[in-house]
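Encoded as structure tokens, the structure appears first; notes follow it.
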Ligand SMILES: [Zn+2]
Ligand SMILES: [Zn+2]
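Here it is, written out as structure tokens:
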């Protein structure tokens, strides 16, 4: 106990409070908490640039998916096709408008906001520049919003809706449905590339 | 990664330091705020349990009207039908769509009820101590965190259906008040789970 190591060489598992010496793993390897198996450090080669590319793709996909139809329906000559914006705005009037606001937020605004925050934080880091103003705050917000970004759940919701009214009318997937499917994969890829510990460290060193 | 002291797992609290739960940086005990990420630092957040219970109760209160009011109102040429969550599942079973009935039953009944029970169990175990192994309770907590968001699927299905199925005289689907209460219930239970301090899981077994 006499040789207390420097605090900056230590890392604490946020989920179980176990403390370790930082031993940065090689690219592609992961440092996992031995007590609760939380991934603590998972660096990747050129992760920053890759994440920014994926983020740009997500940004374009979300915008495109917002305005193109994701489902169309046809029954007895009547036809209707809807985009996410249509779906979200259906609860207009009364307290149910809260549901539409929440839906738009969780499937469009929050994914878009997260993407923009991540790009804002990582661009200077990748370019070897000092961190952006309020980068720590931006990254914290992006992480806090992660569970509230629900584009992938919406994609499954489309599939459920399709089967639910399949006997009522003829239903077909529109382009936006496939965009949401790609989006789902991209969001997973982006999250697995992102090593939070590395980001926090890079935001600190150049302060 | 190497452990601080040989093979035995040592916690930050045992050696008189405290870890930032947001960015894993280590600080001397008593530090109030992490200057790297701006998060508040507490060695053990016992107030967190009060927040867990507060959100839990509000979520449960919202879950009651979510089951009593109709989720969807389906109007066709021959009939007007109002379905509650359970009613919708029964309708689906009557139509022979067992797969979708199962998805909706899982997302809207099993997951929410299971989540209420799981959070209550974790919070009680942290308050009173328990003999159940920490690893199992950590696994339960991770499942709750991961799966809770998926309950939102039913709200999205309602939003999708009510915008899609608007075929003039032929058929129309409109949202019911339960969609709002159910959405709120999901949000509140997510906040409840997020408020929980996972480190308490590991303390409970030791004491
Ligand atoms: Zn751990
Ligand atoms: Zn911090």
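Chains as they are written, first to last, in the working numbering: chain U, 1 to 207; chain B, 1001 to 1207. No residue lacks a Cβ here, since even glycine has one placed at the ideal position from N, Cα and C.
The beta carbon of residue 1023(B) sits closer than 7 Å to at least one heavy atom of ligand 2. The beta carbon of residue 187(U) sits closer than 8 Å to the beta carbons of 58, 111, 149, 151, 152 from its chain, once the five residues preceding and following it are set aside; these are given in chain order. Counting other Cβ atoms within 10 Å of its Cβ, residue 179(U) reaches 16 or more and is therefore classed as buried. In this structure, the alpha-carbon of residue 1098(B) lies about 28 Å from that of residue 1187(B).
Here residue 1183(B) has 1152, 1155 as same chain residues with Cβ atoms under 8 Å from its own Cβ, once five neighbours each way along the sequence are excluded.
For residue 69(U), the pairing in a beta bridge is given by DSSP as 83(U). Under the 8 Å Cβ criterion, the segment 193-205 of chain U counts as touching the segment 37-50 of chain U, having at least three qualifying pairs.
Looking from the CA of residue 1026(B), the closest CA among 9(U), 147(U), 166(U), 27(U) belongs to 9(U). A check of alpha carbon separations from residue 27(U) across 89(U), 33(U), 202(U), 198(U) identifies 198(U) as the nearest. Judged by DSSP secondary structure, residue 1154(B) falls within the alpha helix (DSSP H) whose first and last residues are 1153-1164. In this structure residue 107(U) is buried. Its beta-carbon is surrounded by 16 or more other beta-carbon atoms within 10 angstroms.
For residue 191(U), no beta strand (DSSP E) encloses it; the enclosing alpha helix (DSSP H) starts and ends at 175-193. Residue pairing by DSSP places residue 1175(B) opposite 1072(B) in a beta bridge. If you draw a 10 Å sphere on the C-beta of residue 1197(B), you find 16 or more other C-beta atoms in it, and that means buried. For the pair residue 1100(B) and residue 174(U), the Cα-to-Cα distance works out to about 21 Å. In the DSSP assignment, residue 1029(B) falls outside any beta strand (DSSP E) and carries neither an H nor an E. Taken in chain order, the unbroken stretches of alpha helix (DSSP H) that lie wholly in the segment 1031-1101 of chain B and span 4 residues or more are 1047-1068, 1085-1094. In the assembly as shown, residue 1021(B) is a buried residue. Its beta-carbon has 16 or more other beta-carbons within 10 Å. Straight across, the Cα-Cα distance linking residue 103(U) with residue 157(U) is about 12 Å. Contact of residue 1082(B) with chain U is not assigned, every C-beta pair being separated by 8 Å or more.
A Cβ of chain U is located within less than 8 Å of the beta carbon of residue 1152(B).
For residue 1173(B), the closest alpha carbon among the candidates 1094(B), 1008(B), 1079(B) is that of 1079(B). The residue from 85(U), 124(U), 121(U) with its alpha-carbon nearest to that of residue 105(U) is 85(U). Counting only runs that start and end inside the segment 1114-1150 of chain B, the alpha helix (DSSP H) elements of at least 4 residues fall at 1134-1147.
Distances between the C-beta of residue 1020(B) and the heavy atoms of ligand 1 are all 7 Å or more. Looking at the backbone, the Cα of residue 1150(B) and that of residue 6(U) are separated by about 42 Å. Secondary structure of residue 1015(B) (DSSP, three-state): coil. Not one heavy atom of ligand 2 falls within 7 Å of the beta-carbon of residue 1199(B). For the segment 101-133 of chain U, residues whose beta-carbon sits nearer than 9 Å to a beta-carbon of chain B comprise 102, 103, 106, 107. Taking a cut-off of 6 Å from the heavy atoms of ligand 1, the residues with a C-beta inside it are 13(U), 15(U), 16(U), 18(U), 33(U), 35(U), 36(U), 38(U).
Relative to ligand 2, residue 1171(B) has its C-beta separated by 7 Å or more from all heavy atoms.
For the set 1159(B), 1158(B), 1010(B), 1074(B), the Cα lying nearest the Cα of residue 168(U) is the one of 1074(B).
With 16 or more neighbouring CB atoms inside 10 Å of its own CB, residue 131(U) falls in the buried class. Residue environment analysis places residue 1132(B) among the exposed positions, since fewer than 16 neighbouring C-beta atoms fall within 10 angstroms of its C-beta.
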